[in-house]
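Shown next, in structure tokens, is the structure this report addresses.
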Amino acid sequence: KFRCFNADKFTNHPDTYIAFFTYPFCAQKNWDTSIVAQNNAGNEIFVHVPVYYESFKNKKTDVTVDTHFIETKVYRILEQEHIDFNKQDPAKAFDLVINKVERQNNEQIAKIANSVHTDQILFKGAFLQLPSSAVMAYFGDYRTFYYDNKPLTDEYHMGVDFASIAHAKVPAANSGIVVYTGRIGVYGNCILIDHGLGIFSLYGHLEDFLVKRGEFVQKGQIIAHTDTTGLAAGDHLHFGMLIDGYYVNPIEWLDGSWIRNNIERKIIDARKRADVLKYYTQ
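Here the UniProt record's numbering is used: the first residue of the sequence shown is 1, the next is one more, and so on.
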């Protein structure tokens, strides 16, 4: 489910609402989208909304995990999370991190996001990529992990990994309010920024925090430096975008044309329709 926000600020009409929503890239076929409205008496009405879904092509990658990574990263995370494990069974320990700790981490991030209700747009235009960086891993990459030439487990990568120089300056991808700074399991030191209307950006594997919770940050403002905290094998930034706690493809949000076509023009169109509605209901 995705929240609706009153769109009076955008349309000048009190009875209009705006909602951002997404769908699972691995289950887009036969995905139903509906709007649910409820009156003060608790009566609900469901309206089916036809939506065009683009097919998503993800890349399959094999990742080899060595003993050093297990001992310095996996064991450390399990200890930090106070989860019992057996050092004689590194495969099981790694599975615990991916299938238990990471799941709990994502639930924590979603809970933080859903506790915030900002009914205005705080961002403007395209989101920023880490300067002078290369993409090391894409959103939706299907990873299979191997240890000692044996498969351990697999998962979808729910963000984009940007790599530049070590300890690179990390800018806020867009304007917003910092709602979290701290350590979250596999993401290490991370920052979560609220951009309004249920839209959030996530910055993981950070070295430090140059901003505080509750602080409004400007687009491009330096908020941290990259590092290898959490489950990072090398210095890089894990960048994620979320709608109401659900991960979406960050690459789209870096594209100014995508922002204009899928957000800005939709709001302009809604404003025009609201003006027509206001004219006929006066």
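Virtual Cβ for every residue (Gly too), placed ideally from N, Cα, C. In this text the structure is predicted, and so the values were computed from the model without any measurement.
| Check | Outcome |
| --- | --- |
| Threshold first: 4 residues or longer. Then list the alpha helix (DSSP H) segments lying entirely within the region 136–197, N to C. | none |
| Can you tell which of Ala37, Thr181 and Lys57 has the C-alpha that lies nearest to the C-alpha of Val49? | Ala37 |
| Can you tell me whether DSSP reads Asn106 as helix, strand or coil? | helix |
| Since Ala126 and Asp235 are thought to touch, with beta carbons under 8 Å apart, how far apart are those beta carbons, to the nearest angstrom? | That belief does not hold up - the Cβ atoms of Ala126 and Asp235 are roughly 25 Å apart, past 8 Å. |
| Just reading off the alpha helix (DSSP H) that Ser257 is part of, what are its end residues? | Gly256 to Ile259 |
| Quick one, which of Lys212, Tyr23, Asp119 and Ala41 has its alpha-carbon nearest Asp4's? | Just to set this straight, residue 4 is Cys in the shown sequence, not Asp. When only C-alpha atoms are compared, the closest one is Asp119. |
| Where Lys60 and Arg143 are concerned, what is the direct C-alpha to C-alpha distance, given to the nearest angstrom? | 6 Å |
| CB-CB under 6 Å to Val51, same chain, minus the five flanking residues each way: which ones, in chain order? | Thr33 |
| Can you name the residues that DSSP bridges to Ile35? | Val47 |
| Among His82, Asn106 and Glu79, whose alpha-carbon lies nearest the alpha-carbon of Asp244? | Asn106 |
| Along the chain, where does the alpha helix (DSSP H) containing Lys9 start, and where does it finish? | Asp8 to Thr11 |
| Along the chain, where does the alpha helix (DSSP H) containing Lys60 start, and where does it finish? | No alpha helix (DSSP H) holds Lys60; the beta strand (DSSP E) holding it covers Lys60 to Thr64. |
| Tell me, which residues are paired with Ala134 by DSSP? | Ala163 |
| Along the chain, where does the alpha helix (DSSP H) that runs through Leu128 open and close? | It is not in any alpha helix (DSSP H) - Leu128 carries neither H nor E in the DSSP assignment. |
| With Ala168 and Phe10 assumed to form a contact (beta carbons below 8 Å), what rounded beta-carbon distance in angstroms separates them? | No, Ala168 and Phe10 are not in contact; Cβ-Cβ is about 36 Å, not under 8 Å. |
| Please return the same chain residues whose Cβ sits closer than 6 Å to the Cβ of residue 285, not counting the five positions on each side in sequence. | Nothing in the structure corresponds to residue 285, since the chain is present only between 1 and 282. |
| Which of helix, strand or coil does DSSP assign to Val211? | coil |
| For Glu81, I'd like the list of residues in its chain whose CB is within less than 7 Å of its CB, leaving aside the five on either flank, ordered along the chain. | Val101 and Gly185 |
| According to DSSP, is His68 part of a helix, a strand, or is it coil? | helix |
| At which residues does the beta strand (DSSP E) containing Tyr247 begin and terminate? | Tyr246 to Val248 |
| Following the continuous beta strand (DSSP E) through Ile77, name the residue where it begins and the one where it ends. | Careful: Ile77 lies outside any beta strand (DSSP E), inside the alpha helix (DSSP H) at Tyr75 to Gln80. |
| In this structure, how does DSSP classify Ile268 when only helix, strand and coil are distinguished? | helix |
| Please go through the same chain and pick out, in chain order, the residues whose beta-carbon is closer than 6 Å to the beta-carbon of Pro14, but skip the five residues on each side of it. | Asp8 |
| Flag this pair as touching only if the region 225–239 and the region 203–211 have three or more C-beta atom pairs under 8 Å; answer yes or no. | yes |
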